[in-house]
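Numbering (my numbering), first residue to last: 38 to 166.
Shown next as structure tokens:
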């Protein structure tokens with residue numbers, strides 16, 4: 038995904054869709070993983086931790102690309118990553134394959150909220166732009 042010749046915003050959308058898609062199609066595995074990964078043996082837990090750090094670094098790279106190209110605000114890149122992954126990781130708690138939204142629709146809605154926020158005028162309540 039990082040190698041694709043698309044904007045950082047599009048990489049964010051693609052990454053979020055892929056992440057949510059995996060969780061939605063493997064709900065039981067996601068539930069077990071997010072609750073029980075810490076119970077793994079030391080070596081396996083370390084392996085998971087290294088993969089998680091690598092995955093987080095990929096998101097950091099997307100966000101930094103967006104910042105350097107003027108697509109994203111330079112404020113709070115770390116918090117943006119935490120928000121993105123928290124939103125995506127929590128899908129297993131409430132998503133239902135029988136629900137009214139597909140994983141792709143959920144990813145689209147989340148991407149729009151992440152990229153554009155919920156404020157109608159894109160000004161935060163502290164008056165900053």
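Think of the CB as a built atom: it goes at the ideal place given N, C-alpha and C, for glycine as much as any other residue.
Model, not experiment: these values are computed from the prediction.
In angstroms with no decimal places, state the Cα-to-Cα distance between residue i and residue j.
i	j	result
residue 79	residue 118	26 Å
residue 58	residue 111	28 Å
residue 99	residue 92	11 Å
residue 155	residue 116	17 Å
residue 123	residue 95	15 Å
residue 88	residue 128	20 Å
residue 90	residue 105	22 Å
Go through its chain and collect everything with a Cβ distance to residue i's Cβ below 7 Å, but skip five positions before and after it.
i	result
residue 141	54
residue 108	44, 45 and 46
Could you pull out every residue in the same chain whose Cβ sits closer than 8 Å to the Cβ of residue i, ignoring the five residues on either side in sequence?
i	result
residue 47	41
residue 74	82 and 85
With DSSP run on the structure shown, which of helix, strand or coil describes residue i?
i	result
residue 77	coil
residue 62	helix
residue 71	helix
residue 43	coil
residue 106	coil
residue 96	helix
residue 156	coil
residue 138	coil
For residue i and residue j, which I take to be in contact (beta-carbon distance under 8 Å), what is that distance rounded to the nearest angstrom?
i	j	result
residue 151	residue 49	7 Å
residue 114	residue 97	7 Å
residue 61	residue 132	5 Å
Quick one: what's got a C-beta closer than 6 Å to residue i's C-beta in the same chain, skipping five residues either side?
i	result
residue 103	45 and 109
residue 64	129
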